[in-house]
Amino acid sequence: MLAEIDVAIIGAGIIGLAAAREIAQGKKGLFVFEKNRTFGLETSSRNSEVIHAGIYYPEDSLKAKLCVEGKNLLYKLCDKHNIAYKKCGKIIVAADENEINWLEELYEQGRKNGVDDLVLLSRTEVKKLEPNIEARAGLLSPSSGFFDSYNLLKFLYSQAREKGTEFVFGTEVTGIERAGAKYKVQIKDRDGISDFAAHIVVNCAGLHSDRIAQLAGIDIVKAGYKLHYCKGEYFSLDSKYKNLVSRLIYPPPEQAGHGVHWRQALDGRVLLGPSAHYVEAIDYVVDETHKQYFCNSAKRFIPFVELEDLAPESAGIRPKLQGPEDDFRDFVITHEEKAGFPGLINLIGIESPGLTASLAIARYVGRIMS
Ligand SMILES: Cc1cc2nc3c(=O)[nH]c(=O)nc-3n(C[C@H](O)[C@H](O)[C@H](O)COP(=O)(O)OP(=O)(O)OC[C@H]3O[C@@H](n4cnc5c(N)ncnc54)[C@H](O)[C@@H]3O)c2cc1C
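Residue 73 is where the sequence shown starts when you use our numbering, and the numbers rise one by one after that.
Now the structure itself:
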């Protein structure tokens with residue numbers, strides 16, 4: 073007979089950890105399976121660590137709702153548990169008339185989403201707040217900031233453990249099969265392959281979440297779950313730029329990302345990025361030939377930045393449901409009961425603002441499970 077557990081969460085990124093902490097309370101036999109040697113080694117540690125306000129996304133989308141809710145939960149949790157953050161605010165800057173129109177649209181979109189502290193800024197007002205920035209106009213978002221995401225991961229991991237979650241690292245889920253009211257889950261670790269039975273499977277597998285859904289028997293093309301990988305690279309700037317800006321500085325958003333922005337990390341380094349280009353495979357190499365593009369992006373608003381001031385820093389990959397030619401796609405967070413898979417919860421396409429929204433996503437998962 074197969075060993076039996078209540079809940080199997082696949083993936084120990086920020087979403088799997090937050091979900092485990094949320095669900096652990098009421099469930100015995102909650103296990104998190106992670107193919108890497110520890111938690112948070114993929115997208116959750118390869119991002120901008122920005123706490124987004126919730127401006128960009130269509131009204132009533134999960135991205136908008138969970139970002140606004142998640143932002144508030146995250147600031148509260150950081151305060152309560154001494155996780156470092158800076159609510160420094162952000163200015164989205166416009167360089168020409170076209171972009172000024174975008175700012176006005178973003179202002180309206182943000183207000184519809186419940187971001188009610190946005191302020192449109194004139195050129196003079198931008199200059200007053202950020203003397204080194206050249207812009208025709210700006211949109212100030214006071215509730216944006218950035219935080220220490222590693223300490224959040226660590227905190228969620230230890231809370232989930234305290235509540236009884238078992239973490240199984242170095243273990244890849246390689247098969248999922250409906251077996252009556254349960255799922256037979258196949259895992260591979262250094263001792264080989266084995267199976268167990270789970271009543272509930274929560275798919276938090278990030279870049280591989282479409283594959284997990286497919287393993288469970290879902291037609292991911294028909295369901296619209298096929299992921300596209302979109303790489304974002306970062307370059308760091310010479311330390312002489314350390315105190316050049318005091319807020320996050322963003323250009324108007326691009327089709328696939330929020331635009332190459334300018335921010336200070338908690339350790340003082342100034343980072344530019346992420347860019348956004350679709351790729352076929354996962355690799356985290358920063359292509360040095362992209363330096364000129366980053367330099368040009370920075371120069372639009374800070375003209376005295378020079379090419380030699382930039383050094384390659386890091387890269388992350390967005391798990392996007394939206395392909396290069398597609399319109400907006402929302403997070404998929406769904407109990408697949410209606411598709412014939414009771415007890416299977418899929419989280420697919422959890423790209424930005426997934427970090428900001430993580431605590432709200434976990435609550436949402438808790439609700440759809442009960
Ligand atoms: C460049 C970039 C910048 C970003 N910036 C921001 C930002 O500033 N603010 C923000 O809010 N969001 C941001 N995001 C989004 C945010 O980082 C993600 O939404 C979030 O980290 C997703 O977390 P996750 O747990 O779903 O995925 P992951 O962190 O990738 O975790 C998934 C885990 O599942 C494991 N796994 C996969 N398959 C299996 C398997 N078969 N068996 C066992 N384990 C498996 C993986 O090893 C991995 O550890 C950014 C993303 C990128 C790429």
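Don't be surprised by glycine CBs; every beta carbon is placed ideally from N, CA and C.
Within the same chain, Cβ atoms closer than 6 angstroms to the Cβ of P396 are found at Y350, the five residues on either side in sequence being excluded. Rounded to whole angstroms, D189 and I86 show a C-alpha spacing of 28 angstroms.
By the 16-neighbour rule on beta-carbons within 10 angstroms, A136 is buried. Beta-bridge pairing by DSSP links K107 to no other residue. Residues of the same chain with a CB within less than 6 angstroms of the CB of A84, apart from the 5 flanking positions on each side, are V104, E106, F111 in chain order.
Sixteen is the threshold: when 16 or more other Cβ atoms of the shown chains lie within 10 Å of the Cβ of K392, as they do, the residue is buried. If you compare the alpha carbons of H407, D399, G264 with that of E244, the shortest gap goes to G264.
In this structure, F218 lies away from E305, with their beta-carbon atoms at least 7 angstroms apart.
A387 has E305 as its beta-bridge partners, per DSSP. Judged by DSSP secondary structure, A270 falls within the beta strand (DSSP E) whose first and last residues are 264-275.
The closest heavy atom of ligand 1 lies 6 angstroms or more from the beta carbon of V140. DSSP places E131 outside both helix and strand once states are collapsed to three, so it counts as coil. For the options C302, L299, L343, K298, the alpha carbon positioned closest to that of L316 is the one of L343.
Set against 6 angstroms, the gap from the CB of N119 to the closest heavy atom of ligand 1 is smaller. Distances from the CB of E94 to the heavy atoms of ligand 1 are all 6 angstroms or more. Counting along the chain, S215 sits inside no alpha helix (DSSP H), nor does DSSP assign it H or E at all. Taking every protein chain shown into account, the CB of L175 has 16 or more other CB atoms within 10 angstroms, so this residue is buried. For F366, the three-state secondary structure derived from DSSP is helix.
In this model, N119 and A387 are separated by some 8 angstroms (Cα to Cα).
Bounds of any alpha helix (DSSP H) do not take in F376, whose DSSP letter is neither H nor E. Judged by DSSP in its simplified three-state form, G278 adopts helix.
Runs of the beta strand (DSSP E) spanning 3 or more residues and lying entirely within the segment 134-180 occur at 162-166, in chain order. DSSP places Q336 in the strand class (E or B) of the three-state scheme.
Here the segment 160-170 does not lie against the segment 219-230, with fewer than 3 beta-carbon pairs under 8 angstroms apart.
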